[in-house]
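Residue 195 in the working numbering sits at position 176 of the sequence shown, and the numbers go up by one each step. Using N, Cα and C, we set each Cβ at its ideal position, and we do this for glycine too. Quick caveat: nothing in here was measured; it's all calculated off a predicted structure.
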Amino acid sequence: MEDLKKKHVLITGAASGIGKATALLLASKGANLLLLDKDYSSLDIVHKYIGSNCPACKTCFSEKCDIRDEKQVKKTIAKFVKNCGKIDVLINNAGILDYGKVYEQDPKKWANVINTNLIGTFLVSRHVLPYMIKRKKGHVINLSSIYGKHASPDSSAYCASKFGIRGLSQSMRQEVDKYNIRVTIVHPSTTQTNLFKGTPFKPNPKKALLPEDIAQTIYSTIIMRENAVIEEVDPVPLLDPYKK
């Protein structure tokens with residue numbers, strides 16, 4: 020089992036939902052955290068909570084960053100590495116959802132989902148991997164979705180972005196495994212987050228997964244011995260949250 024007290028973990032989208040739950044869990048286990056989100060006011064609340072309530076976490080940096088902007092991404096990651104010396108684990112979690120039928124959806128909103136979910140994941144990975152390759156060590160965990168394996172109607176941009184993350188991750192794994200870098204894809208099913216706010220999707224909260232369920236899944240992939248990797252994992256609820 021890996022010792023998280025020696026790990027520096029970068030989490031995108033850490034201000035809420037799965038990212039926040041993962042940050043809190045890893046902080047409680049002693050990981051050193053590097054947290055990103057474009058919503059810095061919410062991220063700062065998470066940062067301060069960790070500082071006050073998670074004594075096992077010795078280092079926690081947070082930074083406002085729009086992962087769609089390569090200049091911001093490159094600058095922020097370089098700053099983290101300068102301060103901490105390394106990034107052991109990258110958790111690409113940041114993501115958004117927009118809904119609508121293909122023949123009705125606003126192309127700009129459609130593109131924004133792709134730019135955030137898929138291109139954002141690429142950009143952060145693009146600028147973290149060289150540091151991992153130099154050390155010949157690392158772990159990239161990409162949050163896809165069950166809808167990155169089985170598409171659903173009225174969410175084509177989200178599905179396309181998550182299918183893309185799966186392809187990106189599988190290709191990435193074949194490129195970096197020779198450097199002892201692990202790549203894991205997590206495909207959460209319906210989870211109680213703000214992702215569905217303002218959409219017609221109304222899952223039963225008693226049946227849907229909690230962000231903490233996904234955080235626990237992510238944690239389990241990190242603590243495996245470094246010569247083993249969970250390539251893909253599908254946390255799903257026991258009962259369908261869309262059925263009465």
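At what residues does the alpha helix (DSSP H) containing residue i begin and finish?
| i | result |
| --- | --- |
| Asp-232 | 230 to 241 |
| Leu-45 | 36 to 47 |
| Thr-95 | 89 to 103 |
| Leu-29 | Here Leu-29 belongs to no alpha helix (DSSP H); instead the beta strand (DSSP E) covers 27 to 31. |
| Val-65 | 59 to 72 |
What span of residues does the beta strand (DSSP E) with residue i cover, start to end?
| i | result |
| --- | --- |
| Glu-82 | 79 to 83 |
| Asp-56 | 51 to 56 |
| Val-205 | 200 to 205 |
Distance check for residue j and residue i, CA to CA, integer angstroms please.
| i | j | result |
| --- | --- | --- |
| Lys-156 | Asn-246 | 11 Å |
| Leu-187 | Ala-227 | 27 Å |
| Ile-86 | Val-252 | 24 Å |
| Leu-148 | Lys-25 | 19 Å |
| Cys-103 | Leu-257 | 40 Å |
| Ile-96 | Leu-43 | 21 Å |
| Lys-98 | Glu-89 | 14 Å |
| Phe-182 | Val-255 | 17 Å |
| Ala-34 | Ile-69 | 12 Å |
| Val-100 | Leu-55 | 14 Å |
Shortest alpha-carbon distance to residue i belongs to which of the options?
| i | options | result |
| --- | --- | --- |
| Gln-211 | Ile-200, Ile-204, Pro-224 and Val-202 | Pro-224 |
| Asn-111 | Tyr-261, Ile-69 and Ala-234 | Ala-234 |
| Val-28 | Tyr-166, Asp-107, Ser-60 and Met-243 | Asp-107 |
| Lys-127 | Ala-176, Ala-113, Ala-170 and Gly-139 | Ala-176 |
| Ala-40 | Asp-232, Cys-73, Tyr-166 and Arg-145 | Asp-232 |
| Ser-239 | Ile-160, Glu-194 and Asp-173 | Ile-160 |
| Gln-91 | Thr-31, Glu-123 and Asn-213 | Thr-31 |
Who are the Cβ neighbours of residue i in its own chain at under 6 Å, not counting the five residues just before and after it?
| i | result |
| --- | --- |
| Phe-80 | Leu-53 |
| Asn-136 | Gly-114 and Ser-180 |
Taking 8 Å as the limit between beta carbons, can you name the residues of its chain near residue i, skipping five residues before and five after?
| i | result |
| --- | --- |
| Tyr-198 | Met-151, Ile-152, Lys-155, Lys-156 and Gly-157 |
| Asp-63 | Ser-81 |
Is residue i close to chain C? Criterion is C-beta to C-beta, closer than 8 Å.
| i | result |
| --- | --- |
| Tyr-150 | Among the chains of the structure shown, chain C does not appear; only one protein chain is present. |
I want to check one thing, is the minimum distance from the CB of residue i to the heavy atoms of the ligand GDP below 7 Å?
| i | result |
| --- | --- |
| Pro-126 | As far as ligands go, the structure on display features none, and thus does not contain the ligand GDP. |
Segments of 3+ residues assigned as beta strand (DSSP E) that fall wholly inside the stretch 147 to 175: 157 to 162
Unbroken alpha helix (DSSP H) runs of length 4 or more, entirely within the stretch 109 to 144: which are they? Counting whole runs of 4 or more residues, the stretch 109 to 144 contains the alpha helix (DSSP H) stretches 126 to 132.
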